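These notes are about the structure you will find just below.
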Amino acid sequence: MTDWKKDISSVFINNEARRVEINNPLNDLLNELKSEEGIHQASFELVNEFPLIWNVQINGKEAQIVEADVALAQRLYDEPYDKTFSDPKRDVTEVLKEILVMKFK
1 MTDWKKDISS
11 VFINNEARRV
21 EINNPLNDLL
31 NELKSEEGIH
41 QASFELVNEF
51 PLIWNVQING
61 KEAQIVEADV
71 ALAQRLYDEP
81 YDKTFSDPKR
91 DVTEVLKEIL
101 VMKFK
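Under my numbering, the residue at position 45 of the sequence shown is numbered 45, and the numbers go up by one with no gaps.
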């Protein structure tokens, strides 16, 4: 039997790494957005750890970003209509840009 303590611990370690992987670029993107004309406020808050969920607010409009949506958008499929995907993933910053546009359009 595998070491059950390490199995449990790795869940929390991986979750924290993923939080940082998404949190940092999201912060950078919103700071960049604040310099745009017409943007008075842009902020976010982590509202749930399991699953990871962020509330994003831009000029009073609010939307949620869920880690599962980011993970799905990062997948690179080998061929159209292929259910398998390759190991390299799309850049998290580019994915977050697409999600922000979709949520705040």
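Glycine residues also receive a C-beta, built at the ideal position from the N, C-alpha and C atoms.
These figures come from a predicted structure and were not determined experimentally.
- Task: In the DSSP assignment, find the unbroken alpha helix (DSSP H) run with S9 in it and report its ends.
- Result: For the purposes of this step, residue 9 is taken as the residue at position 9 of the sequence shown. Annotation: the continuous alpha helix (DSSP H) that includes S9 extends over 4-33.
- Message: So I65 and I99 are supposed to be a Cβ contact under 8 Å. How far apart are they, rounded?
- Response: Position 65 of the sequence shown, counted from the start, is the residue given in the question as residue 65. Position 99 of the sequence shown, counted from the start, is the residue given in the question as residue 99. Contact holds; Cβ gap of about 6 Å.
- Item | Close-in-space but distant-in-sequence residues of the same chain around S40 (CB under 6 Å, 5 per side omitted) | Along the sequence shown, read from residue 1 onward, the residue named residue 40 stands at position 40. It should be noted that the sequence gives His, not Ser, for residue 40. Taking C-beta separations shorter than 6 Å and ignoring five residues to either side along the sequence, the partners of H40 in its chain run N59, following chain order.
- Quickly, what does DSSP pair V56 with across the bridge? List them, please. Position 56 of the sequence shown, counted from the first residue, corresponds to residue 56. Looking at the DSSP assignment, V56 forms a beta bridge with F44, A63.
- Query: Under three-state DSSP, which class holds D69?
  - Reply: The residue given as residue 69 occupies position 69 in the sequence shown. It is helical.
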